[in-house]
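Visitor: The structure's right below; bear with me while I get my questions together.
Numbering (my numbering), first residue to last: 2 to 164.
Below you can see the structure in the form of structure tokens.
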């Protein structure tokens with residue numbers, strides 16, 4: 002399963018990912034029109050300043066997922082094929098148990114149902130936040146691809162220290 006990963010060294014705090022996410026989840030799917038919608042769309046991913054840097058907060062599709070275990074209505078489920086944690090808004094009763102147990106603060110209460118990253122399931126091109134990030138701070142990868150990327154970064158850092 003591919004997940005969205007974050008490289009804090011590359012994040013400018015521009016909020017492009019937030020804006021693109023909100024527009025993607027709007028009724029109109031157009032920036033100018035989304036701003037005028039009665040129910041203004043909310044981003045599923047948020048950027049927050051933390052000690053002089055920026056951190057992006059989005060669903061990590063945990064395994065096991067505390068939000069799935071806590072959901073009394075059965076609205077939060079984990080897709081066996083993709084590993085994605087999904088909220089069925091038709092089943093969500095707004096008890097916010099999932100919000101309370103999420104260790105990352107990635108699940109938020111909406112007006113009626115939970116708001117969380119859905120990996121832009123309706124988009125063939127993948128998560129819009131990744132596409133919108135101008136620096137590549139957000140990227141999509143499998144756990145193995147992420148580990149390889151991290152090892153390569155560490156090897157480059159070690160090589161730089163030796164020179």
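Virtual Cβ for every residue (Gly too), placed ideally from N, Cα, C. Keep in mind it's a predicted model, so treat the numbers as computed, not measured.
Between the stretch 25-42 and the stretch 100-107, can you find at least three pairs of beta-carbon atoms closer than 8 Å?
Guide: With the cut-off at 8 Å, the stretch 100-107 and the stretch 25-42 do not touch.
Visitor: Compute the Euclidean distance between the alpha carbons of residue 125 and residue 10, then round it to the nearest angstrom.
Guide: Taking the first residue of the chain shown as position 1, residue 125 is located at position 124. Taking the first residue of the chain shown as position 1, residue 10 is located at position 9. In a straight line, the C-alpha of residue 125 is about 28 Å away from that of residue 10.
Visitor: Using only CA atoms, which one of 35, 96, 62 lies nearest to residue 82?
Guide: Taking the first residue of the chain shown as 1, we reach residue 82 at position 81. When only C-alpha atoms are compared, the closest one is 62.
Visitor: What are the boundary residues of the alpha helix (DSSP H) that includes residue 34?
Guide: Along the chain shown, read from residue 1 onward, the residue named residue 34 stands at position 33. Where residue 34 is concerned, the enclosing alpha helix (DSSP H) stretches over 32-37.
Visitor: What does the Cβ neighbour count give for residue 95, buried or exposed, with the cut at 16 atoms within 10 Å?
Guide: Position 94 of the chain shown, counting from 1, holds the residue named residue 95. Burial call: exposed.
Visitor: Please say whether residue 8 and residue 138 have beta carbons closer to each other than 8 Å?
Guide: Here residue 138 is taken as the residue at index 137 of the chain shown, counted from 1. Here residue 8 is taken as the residue at index 7 of the chain shown, counted from 1. Cβ distance < 8 Å, so residue 138 and residue 8 count as in contact.
Visitor: By DSSP, does residue 139 sit in helix, in strand, or in coil?
Guide: Here the question's residue 139 lines up with position 138 in the chain shown. Strand.
Visitor: Taking the continuous alpha helix (DSSP H) assigned at residue 150, which residues delimit it?
Guide: For the purposes of this step, residue 150 is taken as the residue at position 149 of the chain shown. Counting along the chain, the alpha helix (DSSP H) containing residue 150 begins and ends at 144-163.
Visitor: Excluding the five sequence neighbours on either side, which residues of its own chain have a C-beta within less than 6 Å of the C-beta of residue 89, listed in chain order?
Guide: In the chain shown, residue 89 corresponds to position 88, counting from 1. Excluding positions up to five away in sequence, the list reads 76.
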